[in-house]
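Step one of this worksheet: look at the structure below.
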Amino acid sequence: MIAITLDPFFFYIPVLNNQNKCFQLDRNLGITATVLRSFIDLHKLPRIIHLIYVELCGNKEEVKKSAYATARLWIFFLIDILAVLPIPQVLVMLAKSHRMSGRKFLFSMTFFLLQYVLRVIRTYGLLTKNDSTWAIVSFNLFLYMHGGHVFGALWYFLAIEKVTACWKKTCINHHIRCSSRSFYCDDSLRDYKFLDEFCPITTGNKTNYDFGLFEDALQSGIVGVTDFPQKFLHCLRWGLQNLSAFGQNLEASTDILDNIFAICMTNFGVVLFVFLIGKMQSDTERSRSREQKLKEIKQGPSFGRLSSRLQQKIKNYKQQNWIDDKHADVVNLVNNLPQGLRSQVKGELGTELLRNVKEFERWGEKELVDLSDCLNPVFFTDRTRIFREGDPIDEMVFVLEGKLWSHSARNVTIATSSDGHNGKKDYLRYGDFCGEELIAWAQQKVDNPSSSNLPISTTTIQALTEVEGFYLLASDLKNAFIEHRRYQIVRAVRLIQTFWRFRRILRFKMNQRRSINLENSGDVAFTTNQTS
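According to the UniProt record's numbering, the sequence shown is numbered sequentially starting from 1.
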């Protein structure tokens with residue numbers, strides 16, 4: 001943002017001297033703008049080098065996968081290279097050393113204008129990443145102020161270019177030996193006051209030469225002011241005023257440059273106030289909606305069931321795209337978190353739900369945490385059919401919020417309550433689950449991998465309200481039971497090994513104690529015989 005704000009200052013460096021029919025360069029402004037621009041460009045070089053060696057050279061495998069990604073990286077690389085070329089610095093130094101004529105200097109600044117467009121394009125993507133309300137409002141206000149700043153600087157610069165073009169044209173048309181002059185004030189000066197007749201700057205006589213929309217800049221004398229704050233504020237005011245009026249007050253001449261400038265300013269003003277201001281309103285509303293949904297998640301039951309420590313971690317996590325345009329539910333809470341926080345959230349919410357399953361009651365904490373990492377968040381709208389009677393069951397569903405209805409064509413309403421026992425239960429709420437037929441199927445798969453296919457649902461499970469929860473796929477459940485069986489075998493082997501190790505140690509100590517007792521008995525008998 002600082003870089004694209006600084007660049008238009010280079011257009012204020014020329015200062016017109018109408019009395020001597022020449023222009024000079026503002027030395028202090030030229031040095032300041034050159035030093036600041038060079039410092040900012042040097043600051044950008046590490047990022048460009050990183051793009052070369054990391055993105056283009058060090059990440060070849062990923063780049064090869066997509067031709068679009070390769071082209072995109074190369075385009076960004078070329079834009080970055082062109083954007084940091086020291087074009088204005090070189091032009092100012094050449095002009096100060098008189099190695100470039102004044103007319104060529106003014107014309108060459110056109111290339112700097114093209115480079116400035118590239119710098120704006122590259123910076124725009126960085127400025128639009130923040131979605132907060134204040135950032136959106138600030139960015140659109142910045143676009144308005146910056147547009148006035150740029151058009152005001154161009155208005156000032158092109159006014160001087162317009163005058164020098166008139167001087168040169170007059171010299172050529174009247175065969176006066178001034179056509180080769182550089183129009184620098186440092187050159188040898190001659191009396192060229194006759195140019196006032198053909199290029200009337202102060203009188204505004206359009207019969208001889210029409211300065212068009214730059215006439216105000218010339219008649220106000222702002223192009224001859226060396227006080228930078230004065231001419232900057234004057235040109236900024238002119239730019240903002242004409243942008244607000246969509247360029248309606250611009251009186252362009254028949255010159256091509258005048259009309260192009262007027263068209264660009266009018267179009268920019270229309271785009272700014274119609275598109276960008278409308279976008280600001282929609283983005284502001286969208287940002288408020290996102291903040292409201294974020295508040296709903298923080299106040300929701302799923303978030304409230306987390307520990308205070310984990311809640312604080314989630315609040316401290318600055319996720320830019322936390323909430324999308326959908327519901328503020330457990331899906332958005334879990335899926336838009338980094339892997340570490342995601343596993344912790346599923347661990348705290350999932351283990352409580354898994355403990356309600358009778359078969360998982362004796363499982364260890366680590367096994368339940370590992371199994372909870374396989375849980376996937378899910379959101380059902382009301383009237384959604386989760387299981388249909390007669391269809392295969394390929395997942396278990398654990399209810400976290402909302403209400404499910406279990407029914408069948410034969411009026412059999414068998415589901416599983418949170419206490420782990422089967423019985424008639426028409427409605428499922430927090431802590432309940434359905435699809436428990438998969439447990440017996442998974443256990444059978446562990447014992448006999450070639451056993452039957454997925455079980456068939458005997459009931460229809462339908463959401464009565466919006467339901468939040470988790471689902472566990474049949475394959476993940478089967479793998480969990482396989483790991484549990486391995487864990488039991490390893491644990492049994494370790495218990496047997498511990499038992500035999502303890503038995504050997506015990507036998508060794510008993511034999512050792514028996515040997516000591518025998519030795520003590522022998523010593524006592526020997527002492528008795530000697531005494532006798």
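Where a beta carbon is used, it is the ideal one built from N, C-alpha and C, also for glycine.
Residue i classed as buried or exposed, judged by whether at least 16 other C-beta atoms fall within 10 angstroms
i      : result
Trp155 : buried
Arg385 : exposed
Ala3   : buried
Arg37  : buried
Gly340 : exposed
Ala33  : buried
Ala245 : exposed
Ser515 : exposed
Lys326 : Because Lys326 sits at a pLDDT of 48, beneath the cut-off of 50, its placement in the model cannot be relied upon, and the following sentence gives the value as read from the coordinates. Exposed, by the Cβ-count rule.
Pro8   : buried
Asn242 : buried
Ala95  : buried
Asp391 : exposed
Ile260 : exposed
Val493 : exposed
Ile496 : exposed
Thr170 : buried
Cys264 : exposed
Ala463 : buried
Asp382 : exposed
Close Cβ partners of residue i (< 7 Å) along its chain, the five nearest in sequence each way excluded
i      : result
Trp167 : Lys21, Phe183, Leu195, Cys199
Thr460 : Arg385, Phe387, Arg388, Glu389, His407, Ser408
Phe111 : Ile87
Gly278 : none
Phe107 : none
Lys313 : Leu341
Thr266 : Phe246, Gly247
Val163 : Leu16, Cys199, Ile201, Leu218
Arg429 : Val399, Lys403
Asn249 : Asn242
Bridge partners - residue i, DSSP secondary structure assignment
i      : result
Ala480 : None, per the DSSP bridge assignment.
Leu25  : Pro14
Ala463 : Leu404
Glu468 : Phe379, Glu401
Leu354 : Leu354 is not bridged to any residue.
Leu473 : Glu395
Tyr116 : In the DSSP output, where bridge partners are listed per residue, Tyr116 has none listed.
Tyr184 : Phe23
Ile31  : Paired residues: none, contrary to the question.
Ile456 : Pro392
Neighbourhood of residue i by C-beta, 6 Å cutoff - its chain only, sequence neighbours within 5 removed
i      : result
Ile222 : Lys231, His234
Phe360 : Leu354
Ser343 : Asp373
Gln115 : Ile87
Ile482 : Val446
Gly30  : Ile13, Val92
Lys206 : none
Nonlocal neighbours in the same chain, by C-beta distance under 8 Å from residue i, ignoring five residues either side
i           : result
Gln89       : Thr34, Arg37, Ser38
residue 534 : Residue 534 is absent from the model: the chain starts at 1 and stops at 532.
Phe11       : Met109, Ala153, Leu154, Tyr156, Phe157
Asn208      : Glu197, Phe198, Cys199, Pro200
His484      : Trp363, Glu367
Ala480      : Glu367, Asp370, Leu371, Cys374, Ala442
Leu306      : Ile314, Val345, Glu348, Leu349
Ala252      : Gly212, Leu213, Asp258, Asn259, Phe261, Ala262
Ile81       : Ile48
Ala440      : Pro455
Subject >> Whole beta strand (DSSP E) elements within the UniProt domain "Cyclic nucleotide-binding" (359 to 454), 3-residue minimum >> reply: Restricting attention to beta strand (DSSP E) runs no shorter than 3 residues, the UniProt domain "Cyclic nucleotide-binding" (359 to 454) encloses them at 376 to 380, 385 to 387, 395 to 401, 404 to 407, 414 to 416, 422 to 424, ordered along the chain.
Original post:
Does the segment 393 to 404 come close enough to the segment 467 to 475 that 3 or more CB-CB pairs lie under 8 Å?
Top reply: Yes, the segment 467 to 475 is in contact with the segment 393 to 404.
**OP:** Could you say if the segment 208 to 222 and the segment 108 to 126 meet the contact criterion of at least three C-beta pairs nearer than 8 Å?
**Re:** Counting C-beta pairs closer than 8 Å gives fewer than three between the segment 208 to 222 and the segment 108 to 126, which falls short of the contact rule.
Original post:
Between the segment 365 to 382 and the segment 338 to 356, do at least 3 Cβ pairs fall closer than 8 Å?
Top reply: Contact check between the segment 365 to 382 and the segment 338 to 356: three or more CB pairs, one atom from each, fall below 8 Å, which counts as touching.
**OP:** Determine, using beta-carbon pairs with one atom in the segment 149 to 164 and one in the segment 235 to 252, whether at least three such pairs fall under 8 Å.
**Re:** In short, these stretches touch, since the Cβ pair count reaches three.
**OP:** Any chance you could list the alpha helix (DSSP H) runs of at least 4 consecutive residues sitting entirely within the segment 205 to 288, in chain order?
**Re:** Listed in chain order, they are 215 to 219, 228 to 244, 256 to 270.
Subject >> Segment contact, 8 Å Cβ cut-off, at least three pairs: the segment 142 to 151 with the segment 220 to 227 >> reply: Short answer: they don't touch.
Original post:
Which ranges would you report for the beta strand (DSSP E) in the segment 76 to 105 if only whole runs of at least 3 residues count?
Top reply: DSSP runs (the beta strand (DSSP E)) wholly in the segment 76 to 105: none.
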